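Take a look at the structure set out below.
2 protein chains.
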Amino acid sequence: MLLPMRDDEESGRVTLAQVAKKAGVSLSTVSKVLNGRQDVAAPTRHKVERLLEEHAYRRTTRSAQEAPLIELVFHELESIWAMELIRGVENVAKAHQAAVVLTESGTRQAPGPDWIEGVLQRRPLGVVLVFSALPAEVKQQLRSRAIPFVIIDPAGDPDPDVPSVGSANWSGGLAATRHLIESGHRRIGIITGPEDMLCSLARLDGYRSAMSMAGLEIDPDLILYGDFHVEGGYDGAMKLLSLPHPPTAIFSGSDLQALGALEAARVSGLRVPHDLSVVGYDDVPVARWSSPALTTVHQPLRRMAEEATQMLLHIRAQAPVTTRLELATDLVVRNSTAPPATDPPRDGPTPQPTHPATDPPRD
Amino acid sequence: MLLPMRDDEESGRVTLAQVAKKAGVSLSTVSKVLNGRQDVAAPTRHKVERLLEEHAYRRTTRSAQEAPLIELVFHELESIWAMELIRGVENVAKAHQAAVVLTESGTRQAPGPDWIEGVLQRRPLGVVLVFSALPAEVKQQLRSRAIPFVIIDPAGDPDPDVPSVGSANWSGGLAATRHLIESGHRRIGIITGPEDMLCSLARLDGYRSAMSMAGLEIDPDLILYGDFHVEGGYDGAMKLLSLPHPPTAIFSGSDLQALGALEAARVSGLRVPHDLSVVGYDDVPVARWSSPALTTVHQPLRRMAEEATQMLLHIRAQAPVTTRLELATDLVVRNSTAPPATDPPRDGPTPQPTHPATDPPRD
DNA sequence: ACACCTTTCGAAACTTTTTCGATATAACTT
DNA sequence: AAGTTATATCGAAAAAGTTTCGAAAGGTGT
Chain A
1 MLLPMRDDEE SGRVTLAQVA KKAGVSLSTV SKVLNGRQDV AAPTRHKVER LLEEHAYRRT
61 TRSAQEAPLI ELVFHELESI WAMELIRGVE NVAKAHQAAV VLTESGTRQA PGPDWIEGVL
121 QRRPLGVVLV FSALPAEVKQ QLRSRAIPFV IIDPAGDPDP DVPSVGSANW SGGLAATRHL
181 IESGHRRIGI ITGPEDMLCS LARLDGYRSA MSMAGLEIDP DLILYGDFHV EGGYDGAMKL
241 LSLPHPPTAI FSGSDLQALG ALEAARVSGL RVPHDLSVVG YDDVPVARWS SPALTTVHQP
301 LRRMAEEATQ MLLHIRAQAP VTTRLELATD LVVRNSTAPP ATDPPRDGPT PQPTHPATDP
361 PRD
Chain B
364 MLLPMRDDEE SGRVTLAQVA KKAGVSLSTV SKVLNGRQDV AAPTRHKVER LLEEHAYRRT
424 TRSAQEAPLI ELVFHELESI WAMELIRGVE NVAKAHQAAV VLTESGTRQA PGPDWIEGVL
484 QRRPLGVVLV FSALPAEVKQ QLRSRAIPFV IIDPAGDPDP DVPSVGSANW SGGLAATRHL
544 IESGHRRIGI ITGPEDMLCS LARLDGYRSA MSMAGLEIDP DLILYGDFHV EGGYDGAMKL
604 LSLPHPPTAI FSGSDLQALG ALEAARVSGL RVPHDLSVVG YDDVPVARWS SPALTTVHQP
664 LRRMAEEATQ MLLHIRAQAP VTTRLELATD LVVRNSTAPP ATDPPRDGPT PQPTHPATDP
724 PRD
């Protein structure tokens, strides 16, 4: 048991002394760089780091004995779906006798400098980042230590340089919106995720495409950004429902937000799906047990995490890998969607400022 | 940054060579014991382990440099409330620059031998176990390596030898049941957790006490064991509702089960809280957003985890600690409970086999 | 110019891990 | 029974890496 995990990497033969000789410094200096000691001048440090990277240095002696770790980084540990991701990584890690280190980075943009320091110290097999961007400097540091990384649902610009796993967000948004259109809805609101997240935008674009394909007007008033949490969904839905001409259906960028929308409907005296249809996104376990059970776009979170972790291990084993993997999403129709109770006034694109119904029609 | 974490432990001065001398074996043998090598005879191993424990041996050189880890072990990563616990441990760990290693042990009774091997290899600051028993042998191994451990909500026998953190389950069960009784309910069903879990039993006992105190009969038909998951709650509630004389209120041992009960009520045509009151347990985030919002017993999960982790670090710093900590629970009244629609037939303890209503009364 | 301080680096000391060979004991063969 | 082979146990020594400490270099103020 506890085999040294596929020893097809004889590359681990490089020793500290060898790197030191190449770099023209002493062995201790290299060790200091490795340990982030402060008494190494910046130029020296960089030179050594470069050499380290070039030689793909990895601790030799200890490697067999050292506990294999896989880092999993969330920027926040709030939502439930994090759990599914965790389980996915756990599964694969366990199969490789590795343990999972879970960290909450705090910021979405980039894990802080103290974080990277911790990672380097832990020398993990690899790092799985969820919903994150990765500044060039951090990438550099990870590469110099031969620590592979994969991003699940990257934020910010898609970086072809960074392997990532996602799901078909655009298709998901399209399918959800189409489902509503096919049910007869014409005014469809959307509460997507944060503006700076790729998946939010992709889902929104799916919505837009579905609307245009159906020849429906895209009313900017019906497009809201949320935060993926219940409260955001509640607030967004309240805003949409208090519009002069409120939507008959809401597509939410997350199940949690959809739960908020459900609550908003409740306090507004609207019955779901009779008076308002709601579609969620993610298909977290509770979606099946909300009332009414949520129609939602299933995202294979567990599998995404599994694939990401596998990818990590493949990169580490220097096997060829696809840089970008995108898994399919499915629409799961449950009880929160139905044809609208009242037909839309007409097909024309002009909004209809009829009765200033802040209180939407009941029953 | 990355200080050697409160260096009030000069005890780390014990070196391998010293232990070896005491044990009358060579340095390498001690190292082998430490690393779980197989070429050490059992008697020798035990002798060394004892000495190791006696001298509270801890790696000297590497200790400052080695990444501090805290292990968090669940037997399953299914439920949402795991998230709250994770966050609690994360918080404290982060404050001490430590990282959290998350593992799923699989079995409730005791983590497997491969698990312990991994832990020993990782040399964590300590181990937080959730819902677990800990066999004597494993305790021995952890102690010989000076790895402290704390159990959150221990299963099996309460072991005074093992520090643990829990919450006032009995009081919680009492408060929940009392609330229902005070609302006017007389026939109150309970779906508690698994039979082999202390917290399930404590909650059940709270229920029993509340019932007896109110002079109400305890009908064994109304007592069911669940698994803390939605499905179990659903099945249990269906069973209770199809009783000849069904309860007017159900106290569930977890919020998830309560969600299942809500669904059972729905498919049975019962409205909550009008026709059936439901009380949950845990107060997980979704409890606030279910429909109706769940009346539940709030368990300070996050704080429990924080306390457990703190306890760990205290033990490690050889500070005096309380072995058993129990945090308070609160009843949170929301919208899933109300007085029963129909008064109970009478106060007498004899069950009333009136109309064989497999289909419970509507409205 | 000199004393003093800070930064940077390497030699050497130290801790630990791992390899490999020595020894003892058991098992098996002739 | 004696010899041979296999296996388990242990330590000496080699190997790897970390840390301490002192030396060299460079700057600063007097």
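Going line by line, the protein sequences match chains A and B.
Under this note's numbering, the residue at position 59 of the first sequence is numbered 59, and the numbers go up by one with no gaps.
The number in this note's numbering is simply the position in the second sequence, starting from 1, with 363 added.
C-beta: ideal position from N, C-alpha, C; glycine also.
The model shown is predicted, which means the values in this text are computed figures rather than measured ones.
Close to chain B, meaning a Cβ-Cβ distance shorter than 9 Å, is no residue of the region 237-255 of chain A at all.
Taking every protein chain shown into account, the CB of B:E670 has 16 or more other CB atoms within 10 angstroms, so this residue is buried.
Pairwise C-beta distances place the region 205-217 of chain A out of contact with the region 277-291 of chain A, as fewer than three of them are shorter than 8 Å. Per DSSP, A:V230 is not a residue of any beta strand (DSSP E); the alpha helix (DSSP H) it occupies stretches across V230 to L241.
A direct Cα-to-Cα measurement between B:R541 and B:Q620 gives close to 20 Å. With 16 or more other CB atoms across the displayed protein chains lying within 10 angstroms of its CB, B:G595 is buried. Look at the region 459-473 of chain B: the residues with a C-beta under 8 Å from a C-beta of chain A are Q460, A462, V463, V464, L465, T466 and E467. Listed in chain order, the positions of the region 504-517 of chain B with a beta carbon within less than 7 Å of a beta carbon of chain A would be empty, since no residue qualifies. Taken through DSSP and simplified to helix, strand or coil, A:S277 comes out as strand.
Interface residue (Cβ-Cβ distance to chain A less than 7 Å): B:M446 is classified as such.
If you check the CB distance, B:S530 and B:T692 come in under 7 Å.
In terms of Cα proximity to A:I70, the closest of A:P339, A:Q97 and A:L174 is A:Q97. Using a Cβ-Cβ cut-off of 7 Å, B:S546 does not count as an interface residue toward chain A, since no Cβ of chain A sits closer than that to its own. The criterion of a C-beta distance shorter than 7 Å is satisfied by B:P511 and B:L675. In the three-state DSSP reduction, A:L102 falls in the strand class (E or B). DSSP places A:V30 in the uninterrupted alpha helix (DSSP H) bounded by L27 to L34. Separation of the CB atoms of B:L561 and B:A499 is rounded to 18 Å, and the pair is thereby denied contact status at 8 Å. At a beta-carbon threshold of 8 Å, the residues of chain A lying near B:S654 are L262, E263, R266, S290 and S291, ordered along the chain. Here A:V267 is exposed, its C-beta having fewer than 16 other C-beta atoms within 10 Å. Runs of alpha helix (DSSP H) with 4 or more residues, each lying fully within the region 602-681 of chain B, are found at 618-630 and 664-679, listed in chain order. At a cut-off of 7 Å, the C-beta of B:A405 has no neighbouring C-beta in chain A. Taking C-beta atoms under 8 Å as the contact rule, A:H274 and A:A338 qualify, at a distance of about 7 Å. The beta-carbon of A:G118 is placed less than 7 Å from the nearest beta-carbon of chain B. From the beta-carbon of A:E49, no residue of chain B is found nearer than 7 Å; the closest lies around 18 Å away.
Going by DSSP, A:T192 is part of the beta strand (DSSP E) stretching over I188 to T192. Note: A:G126 is bridge-paired with A:I70 in the DSSP secondary-structure output. Straight-line measurement puts the Cα of B:D645 at about 12 Å from the Cα of B:M667. Under the Cβ criterion of 7 Å, A:V128 is not counted among the residues facing chain B. Contact annotation for A:A338 against chain B: no contact, minimum CB-CB distance about 16 Å [criterion: below 9 Å].
Around the CB of A:E90, 16 or more other CB atoms lie within 10 Å, so the residue is classed as buried. For B:Q484, a Cβ of chain A is located within less than 7 Å of the residue's own Cβ. Look at A:R87: its C-beta is under 7 Å from a C-beta on chain B. Here the region 543-561 of chain B makes contact with the region 605-620 of chain B; the two share three or more CB pairs at distances below 8 Å.
Put simply, the CB of B:V642 is far from chain A, with every gap to its CB atoms at 7 Å or more.
No Cβ of chain B is located within less than 7 Å of the beta carbon of A:A258. Annotation: B:R400 is outside any beta strand (DSSP E) and is labelled neither H nor E by DSSP.
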